[in-house]
Each structure stands twice: as C-alpha cells, then as structure tokens.
Amino acid sequence: MSDALRPMTRPRLYEQVLDRLRHHVAEGGLGAGDRLPPERELAGRLGVSRASVKQAIVVLEVQGLVEVRHGGGTYLVRDSLDAEPVERLVERKRRLPDVLEAREALETKLAELAAERRTEDDLTAMRDALDHMAGEIGAGGPGVEGDRLFHAAVTAAAHSGLLAEFMRSIAEQITESRNESLRQPGRPHRSLTQHRAILEAIEARHGKAAATAMRRHVRTVAKVRLLDWDPGDDV
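According to the numbering used here, the sequence shown is numbered sequentially starting from 697.
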C-alpha cells in the first residue's frame, strides 16, 4: 500500500531552533572554537523555552558539532552547524544496539582466531594501522581511518572467509558505530590504547585474552551519547 497519504508531521520545535542556530553561525561567520550565546539568551531571542534550546544543543552535541563545557558555555567544534536530519539520527539510534551486538559477537571471535592463526604479515598490518591511527590522533583527528584499518587487519588475520564476509555485509553500519564512538570526548586515545591491548594478546597467541580485550573494546564503543538521547515529540 502506498504511504503517500501517511499522516503529516511538523518539525519539532527544537528542530526549528537547530535551523535558526545554523543560520546564526553561517551569517555571523562563526567557526570552530567560537562560543554560542547562552541558552537563556537564545531562548529569549528566539521566543522559545530553554528546554527547546537545550534539546537543540543536545542534538548538536550528539553529532559532535559542539562541545558543552559545564559552567563554561557551548563552543563550536566545526566551522558550521550542518546537522544531520533528526529523523536520520532517530533511525541510527534505533539500529545501533543491533549493530553493536553483532560487532561484539563477530569481532570477539575474530580476535580469538587471529591470535591462533596470525602471520608476521598480519602483525605488520596491525602495527601499521595503529601507527596510522596514532598519527591521525596526534594531528587532532579522531583516528577513524586507522581504526578501520586495525579492525580490518584483525579480521584478515583470523583467516576465516565466512566471518570476513559477515563483516563486509555490515560494513556500512560498522562505519556508523565507529564514527559515533570516536566523536565522544577522549575516546580516540582510549580506543588506541585498547587496540594496543588487543594486538599484544594476538602477538602472544593468547586467544582468550584477545577475545576479552576485543569484547572490552566493543563495549566501550557502545557507550555513546546517541543511545542516551531522547528525541521526544516536541518541546
């Protein structure tokens, strides 16, 4: 049945606030490091409740576009507030738990097998990936590509064609979870440290230790602001 006549929706009030904030940043020439006006001021100028402003700020924070410093205001992380549509955020929030559950099941086993089957070439690929990630983080980035390379190297080191195929089948969702995790404050350095613990266990051929280290890592990945966010109906 066609959904052309599905019930019409209207933008949530905080989505309208998001739009106004995006224009404010663009028209004011604001960029990374600049501070947004206080919530009370924004609410007054926009004619909305502080709750609406607060929800809009939370959405921007979830997407890594602003940093909220408790007692110190809200600062831009990037040069624009080109936020992802809220409905897309809601959809990612809905599917993320399933993706993380699949990652824990698959990658824990892959790490264990990698410890048993890895070659010297596999270890070199993992080390190179971590060097790449460290370089990205040192340059101020989140380390996304190095993270991807490391997990790909662990998957390859397991030498399991079928498990590798499963990982490829959810590659897009894994990328989403990776990006979500690495935008959390302090997360890139923590992920790099956890990756090194995984590599150490794989190097030592300790399968159970590798599995434990990977499980700990994926459960850290699961701790993201998005899962705590309540989109609400309207504010």
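Positions of the beta carbon are idealized from the N, C-alpha and C atoms, including for glycine. Every value quoted in this text rests on a predicted model; they were computed, and no experiment measured them.
Going by DSSP in three states, E711 sits in which element: helix, strand or coil? For the purposes of this step, residue 711 is identified with residue 15 of the sequence shown, where counting begins at 1. The answer is helix: DSSP assigns E711 an H, G or I state.
Work out the CA separation of L709 and P838 for me, nearest whole Å. In the sequence shown, the residue the question calls residue 838 occupies position 142. In the sequence shown, the residue the question calls residue 709 occupies position 13. For P838 and L709, the distance between alpha carbons rounds to 32 Å.
Backbone CA spacing between F846 and R874 [nearest angstrom]: Translated into positions along the sequence shown, residue 846 becomes position 150. Translated into positions along the sequence shown, residue 874 becomes position 178. Roughly 12 Å between the two C-alpha positions.
Give me the residue from R879, D926 and E899 with the minimum Cα distance to T916. For the purposes of this step, residue 916 is taken as residue 220 along the sequence shown, with counting starting at 1. The shortest C-alpha separation from T916 is found at R879.
For V850, is the classification buried or exposed, using 16 other Cβ atoms within 10 angstroms of its Cβ as the cut-off for buried? By one-based count along the sequence shown, residue 850 stands at place 154. When all chains shown are included, V850 counts as buried.
Beta-carbon contacts of R844 that lie in its chain and below 6 Å, excluding the five residues immediately before and after: Taking the sequence shown and counting its residues from 1, one reaches residue 844 at position 148. Answer for R844: no residue qualifies.
Going by the CB atoms, is the gap between E800 and R911 shorter than 8 Å? Position 215 of the sequence shown, counted from the first residue, corresponds to residue 911. Position 104 of the sequence shown, counted from the first residue, corresponds to residue 800. Yes.
Are the beta-carbon atoms of A752 and A906 separated by less than 8 Å? Along the sequence shown, read from residue 1 onward, the residue named residue 752 stands at position 56. Along the sequence shown, read from residue 1 onward, the residue named residue 906 stands at position 210. Against a cut-off of 8 Å, the Cβ pair of A906 and A752 comes out as no contact.
Same chain only: Cβ atoms within 8 Å of L922, ignoring 5 sequence neighbours per side: On the sequence shown, residue 922 is found 226 positions in, with the first residue counted as 1. Excluding sequence neighbours, L922 sits near V758, L785, R788, K789, L792 and E876.
Assuming contact is defined by CB atoms lying nearer than 8 Å, are L756 and V749 in contact in what I supplied? In the sequence shown, counting from the first residue as 1, residue 756 sits at position 60. In the sequence shown, counting from the first residue as 1, residue 749 sits at position 53. No.
Could you name the residues of the same chain whose beta carbon sits closer than 7 Å to that of V713, not counting the 5 residues immediately before and after it, in chain order? As a first step, residue 713 is located in the sequence shown; it is residue number 17 there, counting from the start. For V713, where only same-chain residues beyond five positions count, the Cβ hits under 7 Å are L742, V744, S748, V749 and A752.
Beta-carbon gap between V721 and L772 smaller than 8 Å: Position 25 of the sequence shown, counting from 1, holds the residue named residue 721. Position 76 of the sequence shown, counting from 1, holds the residue named residue 772. A contact, by the Cβ cut-off of 8 Å.
Within a Cβ cutoff of 7 Å, which residues of the same chain sit near A897, ignoring the five residues on either side of it in sequence? Within the sequence shown, numbered from 1, the residue matching residue 897 stands at position 201. Closer than 7 Å at the Cβ level, and outside the excluded window around A897, lie A811, A905, A906 and A909.
Nearest-angstrom Cα distance between V762 and T770? What you label residue 762 is simply residue 66 of the sequence shown in a count that begins at 1. What you label residue 770 is simply residue 74 of the sequence shown in a count that begins at 1. Each residue's Cα considered, the two are about 7 Å apart.
If you draw a straight line from the C-alpha of P881 to the C-alpha of G760, how long is it? The residue you call residue 881 lines up with position 185 of the sequence shown. The residue you call residue 760 lines up with position 64 of the sequence shown. If you take the alpha carbons of P881 and G760, they lie about 9 Å apart.
8 Å CB neighbourhood of M697 in its chain, flanking five on each side removed: Position 1 of the sequence shown, counting from 1, holds the residue named residue 697. In this prediction, M697 scores a pLDDT of 48, lower than 50, which makes its location untrustworthy; the coordinate-derived value is nonetheless stated afterwards. Cβ within range, chain order: n/a, list empty.
What did DSSP end up calling G768 once you bin it into helix, strand or coil? Residue numbering aside, residue 768 sits at position 72 when the sequence shown is read from its first letter. Three-state result, G768: coil.
Given D715 as reference, the closest of S776, R746, V764 and G740 once Cα atoms are compared: Within the sequence shown, numbered from 1, the residue matching residue 715 stands at position 19. Checking every option, the nearest Cα to that of D715 belongs to S776.
Expressed to the nearest angstrom, what Euclidean distance is found between the alpha-carbon atoms of L859 and G836? Here residue 859 corresponds to residue number 163 of the sequence shown, with the count starting at 1. Here residue 836 corresponds to residue number 140 of the sequence shown, with the count starting at 1. In a straight line, the C-alpha of L859 is about 33 Å away from that of G836.
Reducing DSSP to helix, strand and coil, say where E868 ends up. Here residue 868 refers to the residue found at position 172 of the sequence shown. Looking at E868 - three-state DSSP - the assignment turns out to be helix.
I'd like the list of long-range same chain contacts for F862, defined as Cβ closer than 7 Å, with 5 residues on each side in sequence excluded. Within the sequence shown, residue 862 is the residue found at index 166, counting from 1. Excluding sequence neighbours, F862 sits near L802.
Distance between beta carbons of I894 and A798, contact taken as under 8 Å: Position 102 of the sequence shown, counted from the first residue, corresponds to residue 798. Position 198 of the sequence shown, counted from the first residue, corresponds to residue 894. The Cβ separation is near 18 Å, so there is no contact.
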